[in-house]
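Asks:
There are 2 protein chains.
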Amino acid sequence: MKVPAMPYTAPLSDFRFLLDHIVGYHRVAATDRFADADIDTATAVLAEAAKLAADTLAPLQRAGDLHPARLENGVVRTSPGFAEGFRAIAEGGWLGMAADPAHGGMGLPMTLTTAVNEMMGSACLALQLNPLMSQGQIEALEHHASDAIKALYLPKLISGEWTGTMNLTESQAGSDVGALRARATPNADGTYAVSGQKIYISWADNDFATNVCHLVLARLPDGAPGTRGISLFMVPKFLPDANGHAGQANSLRVVSLEHKLGLHGSPTAVMDYDNATGWLVGAPHKGMAAMFTMMNNARLGVGVQGLSVAEGAYQHALYYARDRRQGRTPQAADGAITGHADVRRMLTHMKAEIFATRAIALWNAVAIDMARAQTDAPDGADAPDGADWAARAALLTPITKAHGTETGIEVANTGIQVHGGMGYVEETGAAQYLRDVRVTAIYEGTNGIQAMDLVNRKMADGGEAAYRLLEEIQTAAESARPALPALAGAVWNAAESLREGTEWLVAASVDDRNAGAVAYLRAFARVLGGHAHLTAATASGGSGPRAALARVFITRILPEHASLLAQAQAGAADLYALSDMDLSA
Amino acid sequence: MKVPAMPYTAPLSDFRFLLDHIVGYHRVAATDRFADADIDTATAVLAEAAKLAADTLAPLQRAGDLHPARLENGVVRTSPGFAEGFRAIAEGGWLGMAADPAHGGMGLPMTLTTAVNEMMGSACLALQLNPLMSQGQIEALEHHASDAIKALYLPKLISGEWTGTMNLTESQAGSDVGALRARATPNADGTYAVSGQKIYISWADNDFATNVCHLVLARLPDGAPGTRGISLFMVPKFLPDANGHAGQANSLRVVSLEHKLGLHGSPTAVMDYDNATGWLVGAPHKGMAAMFTMMNNARLGVGVQGLSVAEGAYQHALYYARDRRQGRTPQAADGAITGHADVRRMLTHMKAEIFATRAIALWNAVAIDMARAQTDAPDGADAPDGADWAARAALLTPITKAHGTETGIEVANTGIQVHGGMGYVEETGAAQYLRDVRVTAIYEGTNGIQAMDLVNRKMADGGEAAYRLLEEIQTAAESARPALPALAGAVWNAAESLREGTEWLVAASVDDRNAGAVAYLRAFARVLGGHAHLTAATASGGSGPRAALARVFITRILPEHASLLAQAQAGAADLYALSDMDLSA
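These protein sequences, in sequence, are chains R and H. Letter by letter, the first sequence follows residues 2 to 586 in my numbering. Letter by letter, the second sequence follows residues 2 to 586 in my numbering.
1. With a threshold of 9 Å between beta-carbons, can G416/R be considered close to chain H, or not?
2. Count the other C-beta atoms from every protein chain shown that fall within 10 angstroms of the C-beta of F293/R, then say buried if there are 16 or more, exposed otherwise.
3. Reducing DSSP to helix, strand and coil, say where I361/R ends up.
4. Is there at least one Cβ from chain R nearer than 9 Å to A131/H's Cβ?
5. Anything in chain H within Cβ reach of Y577/R, meaning under 7 Å, just list it in chain order.
6. Can a CB atom of chain B be found closer than 9 Å to the CB of H68/R?
7. Would you mind stating whether S305/H and N118/H have Cβ atoms separated by less than 9 Å?
8. With burial defined as no fewer than 16 other Cβ atoms inside 10 Å of the residue's Cβ, what is the status of H532/R: buried or exposed?
9. Should G75/H be labelled buried (16 or more other beta-carbon atoms within 10 Å of its own) or exposed?
10. Using a Cβ-Cβ cutoff of less than 7 Å, which residues in the same chain neighbour Q332/R once the five nearest sequence positions on both sides are dropped?
11. Quick one: residues in its chain with C-beta nearer than 7 Å to the C-beta of A48/H, no 5 flanking neighbours on either side, listed in chain order?
12. What is the DSSP secondary structure of F239/R, counted as helix, strand or coil?
13. Please confirm whether A375/H has its beta-carbon closer than 9 Å to some beta-carbon of chain R.
14. With a 10 Å radius around its C-beta and 16 neighbouring C-beta atoms as the bar for buried, classify V528/R as buried or exposed.
15. Using C-beta distances below 8 Å, list every residue in its chain close to N276/R, excluding the 5 sequence neighbours before and after it, in chain order.
16. Give me the Cα-Cα distance between K157/H and H104/H, rounded to the nearest whole angstrom.
17. Using a beta-carbon distance below 9 Å, is D324/R in contact with chain H?
18. Taking 8 Å as the threshold, find out whether the region 133-141 of chain R comes into contact with the region 312-329 of chain R through three or more Cβ pairs.
19. Under a three-way DSSP split, which group does P560/R fall into?
20. Spatial neighbours of A146/R within its chain, please: CB distance less than 6 Å, with the 5 preceding and 5 following residues excluded, ordered by chain position.
21. Could you give the DSSP three-state label for W493/R: helix, strand or coil?
22. To the nearest angstrom, how far is it from the Cα of L216/H to the Cα of S309/H?
23. Ordered along the chain, which non-local residues of its own chain (more than five positions away) have a Cβ less than 6 Å from that of F209/H?
24. Should T186/H be labelled buried (16 or more other beta-carbon atoms within 10 Å of its own) or exposed?
25. Since H260/R meets chain H, which of its residues come closer than 9 Å, beta carbon to beta carbon?
26. Around the Cβ of H404/H, are there at least 16 other Cβ atoms within 10 angstroms (buried) or fewer (exposed)?
27. Quick check on this structure: which residue in G424/R, M120/R, A452/R and L19/R has the alpha carbon closest to the alpha carbon of R436/H?
28. Measuring alpha carbon to alpha carbon, tell me which residue in A368/H, G409/H and A516/H is nearest A395/H.
29. Helix, strand or coil for M167/H, going by three-state DSSP, please let me know.
30. Excluding the 5 residues flanking A516/H on each side, which residues of the same chain have their C-beta closer than 8 Å to its C-beta?
31. Can you tell me where the alpha helix (DSSP H) holding M453/R begins and where it ends?
32. Measuring only the C-alpha atoms, how far is A141/R from G263/H?
33. Any Cβ of chain R within less than 9 Å of the Cβ of E501/H?
34. Is any beta-carbon of chain H found at less than 9 Å from that of D21/R?
35. Using a Cβ-Cβ distance cut-off of 9 Å, determine whether H562/H contacts chain R.
36. Tell me L233/H's beta-bridge partners as DSSP assigns them.
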């Protein structure tokens, strides 16, 4: 069967504009750590990745959907072309682009990794999830593993000879990770015997790497109940031999693959560990901390997956709308449906949402880079220090994850609508974007969990990191006000409402906070989006297409912050006033 | 393979409450036309349909998804159990429940048909689409067909011996119906030779009816271009013989079935007519008017399909959430996730949205019934007359369609989220609701088309029908204010904002209206939802679960009207400020 390729063109000019004018990439390039990654280098790197995404990965998107990964005699057979696609990613060095050069990485900023991951995900989300998992594992090992494990695993993960997975969830332990039952008992040789069943393991196996490295959460015999008694283990599919090659098979197996709504090219497995040999990563009982390193990376990465799909779905819909002729409008002489106001509304909103979401993801990545680069730098008088940047990154991560994936779902859904009846026909490809992206709001912590993380853990500083960000936004709006009074005023006021909402949340009870968490997170993303667009309009001198897009966002979309904040501050009482019995019948 | 049945319990107490306290069913029952359908009869009818839906149709939901209808040697083979399910619907008399008793119908109000259709759709949407098509055809024939056609076709459509379809769309003529190319030329015997290709024909064929009756739009030789030159023809699969039985095969065929995102149990076909024999329905060149009778019926019906899926998805999610244990909360001693504030938010919002959407659909149906019942009644001094009710029905139809289907999509999407990772696994069944319902925002006129219908055709009265409805809402809010000041104030103010938005729209240019149409329609639905919940809270004495649900809607969801109205009044200029070139890269 002939598999049609999705058209995809990487948004390189948007990346460049965002790096130059919105997210302050110059600050990253000015650090010692990332001194080699100046804007010209960055531009060249992104152009290279754009080529990979468009030429090599985009043709695999439909193949993964039509020919899902399957389990044959205990071994996963991947979708046609995926092995070659993975090899191209590995050979380009993209797996280790943010990794330590000491182990073969490129040591590039997370900001560039974020842009590259976006492009690869737009082209083929199911395959891109594999490198994303390896990237997270690389980072977790860099931070928490022993030197021996680093020396053995990192070069192979970075080269793509081996791939990585994360194993948290069990059937009774999803959002409540602390309920896990997997056990690890010490062996005489310093290794551990790991046993248990894990579910929802993305890319648990493949037929293009010579080993699959599972990071598994399990409890030691003296581990306390709950999350404080959990340890992290490296449990490879094949035990490394004396030369560090994949040797004897470990005592683990892929039990089954899930039949999912989408992302068919990515095998999602139930894994069984039966006294499998594992090595402790990090200190005993400190597994959650190590896993959080991987998860925070993955949360940014999953938010970017949402963005990826939004961009892919947008390009797909625009391509169709330009070609589709229905009725006549003064605005499209050729009869293309782009001339119709409501089609134009859908397309411009999609584009405006994508720009805002991309800005949030890149701000997040810049904060990560600055935190890393400045960790040991002396505090400046005015400049934010490493801890400030780390707090900024921590604040933005749940927003990037939840908002990015919601944007992916909404834009993909709108993309179907732009196609009309064709959107419901699978051959068109529009529906695949929605099916694929839907899981991103669930995995790596559901969006509800992200929102609770934002209003609880990330507000444990009394809202300090949030207020600092809001002050920046209002300062920028004040500067923009003389030239763009209406737009700047709207953004300033929205930030002020968000500040009031933040004050309410910080003072609220846990239940009230949690009842408003999702709405608050969305409101925060709206304000950040307004800030991004206002900055873009200002940088464009208040005219031209970027200013027009800013007007679309600020006039038509930003007002949502108000209704979201009303919901955020509505409290939990009404929700609990309905009994379980009342909810039915 | 064992196919698990979805749990489904018909919301009979909600129907009764809505009929008694919200939508004024007593007015319908007080008319001469519907005098037999008093509330006790209505209750008995709904209880009977509830039994059919839960016992007979719900077990077919998964079967339709897993075993799609397929085309074998030009004949459609339907999903396992669908033939028996259809027979049960037919034998219960549900196909003709609103039809004229002169031809075997029950002559019951559309209000009850709407509730019954909702239940059948919750249980098995793919199968329910078949009766919905027949119901629309029955109504179109009752209004427009010759007595001979009525006498021949109506009894068989009502008994379910034959089924009906509607054939509008061609590949170049979707939303722009006037671009159709199908031709009809007169034969010597008074019939017509109909030729052309039609796409997206729902239930174009089946293996459980002895004939399939296609209503086909085509152009006569002297038909003008555009929609004014289109005529409507009855083109049956088998030509009726002298005894009115299905005889010789007509010259038409099912070319292919679409491979769709969902609704797999419903065959969606490309149909080819090659000098097929047809009979004119209605006057020459007046086919659009006749088809609109069918489409208006179908638009209400499709809006109700959205509601159906919302209810099904809600029950499915609630069932899961009560059983799923994660973490501990003070609010759920057994550890069920219903105790978590964000899960509770999702469930209560779903329930509140469903109640509001059901009220809108039933208001719409009541208006249709009152318009029909009062058409020949003398004008009362105060009471709205038939024309007022008809205008009310016309105003509400696009709102019911677009908002009902959006609710279906949003609630089904939230239902997946409530399931966490299980929501992405197809076996769970949660994803099917989203896949199935997605088309409802597209077919029978996309939701964008509905919104344009609302702000153009339905506002051609200068907004009079809208203002009359808003006045009722504000009068009710004023009555409610002493007992429920906060809730009543919020609804009154929202209605006032909607009145201002309506004034703006009525005075605006076509482009500005169309650019705001979708947002305006959603805002209207929000206000109607607030009105429904406020009325429910008042009827409940301001306390108890209905008042609690009203607080959830009015405090947490109704505020969206403001941001939607801001978008509705933002105008088209910014959308068109971006050129086609600007939309890409």
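For each residue, glycine too, the CB sits at the ideal point set by N, CA and C. Since the model is a prediction, treat every value here as computed from it, not as a measurement.
Replies: The answer reads as follows:
1. no
2. exposed
3. helix
4. A quick correction: the sequence has Asn, not Ala, at residue 131/H. So no, N131/H is outside the interface.
5. Q332 and R345
6. Considering every chain present, this structure includes no chain B. Its protein chains are R and H.
7. Strictly speaking, residue 305/H in this sequence is Val, with Ser absent from that position. Their beta carbons are under 9 Å apart, which means V305/H touches N118/H by this criterion.
8. buried
9. exposed
10. G340
11. L13
12. strand
13. Before going on, a small fix: residue 375/H reads as Gln here, not Ala. False, the Cβ-Cβ gap to chain R never drops below 9 Å.
14. buried
15. A194, V195, S196 and S252
16. 9 Å
17. no
18. no
19. coil
20. V282
21. helix
22. 26 Å
23. A84 and F87
24. exposed
25. V426, E427 and E428
26. buried
27. G424/R
28. A368/H
29. strand
30. A571, G572, A573 and L576
31. N448 to V456
32. 40 Å
33. no
34. no
35. yes
36. L218/H and V282/H
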